[in-house]
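Asks: The sequence shown runs 2 to 227 under our numbering. Ideal placement from N, C-alpha and C gives every residue a C-beta, glycine not left out. I have a structure I would like to understand better, so I am pasting it below and will then ask my questions one at a time.
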Amino acid sequence: MTDNELHELIDDLNSNPDSSKFILIQISEDIYFGKVWLNLPWENQIEYRGDNFYFINRPDHGFIGIVEASIHEMHAYLIPEFRGKGIICSSLRETILPHSFWYNKAEKQRVTIDQSFHGKSFKKVEKALLLAGFKDKSTIVDSLFEYFAYKNDYIEFKYFKSKERSFSEKEFQFLYSRINSIIAQLQYMKERYELVLNEDDEIVSSIHDSIRQFEEIYDTKLRALL
């Protein structure tokens with residue numbers, strides 16, 4: 002994603018923190034981790050951002066930074082007025098990288114910097130990476146460089162303990178309604194197929210099995226938690 006797109010995600014989360022597109026958990030005092038659905042599947046075509054996202058929060062300012070992360074690359078963005086304070090560097094070193102190694106079961110993390118893109122800011126960006134623990138710089142091509150961070154150089158990630166990890170009533174009701182909706186949609190698909198195909202058809206059987214699995218979640222596991 003571009004810097005502008007990442008900034009828009011920060012603005013969106015700050016203005017609508019309960020939006021269904023964000024699936025986040027708090028993993029430290031000021032870092033939230035999760036996934037972002039740019040288009041919700043029940044509202045539009047499915048478009049899933051497969052990369053993990055880390056959002057940096059400050060109590061008096063809301064969310065001020067974001068790191069889009071995969072094993073192969075990380076893209077960090079910080080709102081301009083908060084730059085130059087070591088926020089990205091400390092967030093990477095203390096929380097994001099330890100969590101990424103744990104979550105992805107990875108031994109190393111790669112990032113790249115394009116010197117031609119950053120221009121005069123290249124040295125500052127590189128310094129922040131080095132302070133965060135990245136090393137082994139090598140040239141990919143021309144002005145594009147790669148760096149690596151290694152799991153053994155960081156503390157082991159521990160779950161954030163000061164806040165109970167549980168669903169709120171609102172989150173339960175949301176899941177409850179979505180699962181019920183999925184069951185209804187699967188039942189509709191099954192009935193349409195059954196008019197054309199026989200009941201022993203593999204497609205009909207698969208849909209039927211899916212309905213039973215979701216009914217079990219709906220009737221036993223989820224109801225027990227409400």
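1. Whose C-alpha, out of 145, 5, 127, 218, is nearest the C-alpha of residue 176?
2. Beta-carbon within less than 7 Å of residue 89's beta-carbon, same chain only, minus the 5 sequence neighbours each way: which residues are those?
3. Specify, as a first and last residue, the run of the beta strand (DSSP E) that residue 136 falls within.
4. Who are residue 53's beta bridge partners in DSSP?
5. Thinking C-beta only, is residue 184 closer than 8 Å to residue 216?
6. Is it the case that the Cβ atoms of residue 64 and residue 11 are separated by a distance below 8 Å?
7. Excluding the five sequence neighbours on either side, which residues of its own chain have a C-beta within less than 8 Å of the C-beta of residue 107, listed in chain order?
8. Am I right that residue 135 and residue 148 are in contact with their C-beta atoms under 8 Å? What's the rounded C-beta distance?
9. At the level of alpha carbons, what is the spacing between residue 109 and residue 34?
10. Please classify residue 17: does DSSP put it in a helix, a strand, or coil?
11. What's the C-alpha gap between residue 57 and residue 70?
12. If you count every other CB in all the chains shown that lies within 10 Å of the CB of residue 163, and 16 or more means buried, which is it?
13. Spell out the partners DSSP gives residue 79 in its beta bridges.
14. Give the secondary structure of residue 152 by DSSP, where H, G and I count as helix, E and B as strand, and everything else as coil.
15. How about residue 112 and residue 119: do their beta carbons lie closer than 8 Å?
16. Am I right that residue 144 and residue 115 are in contact with their C-beta atoms under 8 Å? What's the rounded C-beta distance?
17. What residue ranges within the stretch 92-123 form continuous alpha helix (DSSP H) runs of no fewer than 4 residues, ordered along the chain?
18. Consider the Cβ of residue 157: report whether some Cβ of chain B lies at a distance smaller than 8 Å.
19. Closer than 7 Å by C-beta to residue 195: which residues in its own chain qualify, once you throw out the five before and the five after it? Chain order, please.
20. Taking only the alpha-carbon atoms, compute the straight-line gap between residue 173 and residue 181 and give it to the nearest angstrom.
21. Residues in its own chain within less than 7 Å of residue 18 by CB, not counting five upstream and five downstream?
22. When DSSP builds the beta bridges, which residues end up paired with residue 157?
23. Mind checking who residue 239 pairs with in its DSSP beta bridge?
Replies: Straight from the coordinates:
1. 218
2. 66, 77, 79, 129
3. 136-142
4. 70
5. yes
6. yes
7. 72, 101, 152
8. 4 Å
9. 19 Å
10. coil
11. 13 Å
12. Note that residue 163 has pLDDT 47, beneath the 50 cutoff, so the model's placement of it is unreliable and no number is given.
13. 66
14. helix
15. no
16. 6 Å
17. 98-105, 116-119
18. Included in the structure is just one protein chain, with no chain B present.
19. 205
20. 12 Å
21. none
22. For residue 157, which the question treats as bridged, DSSP gives no partner whatsoever.
23. Any question about residue 239 goes unanswered here, given that the chain covers just 2 to 227.
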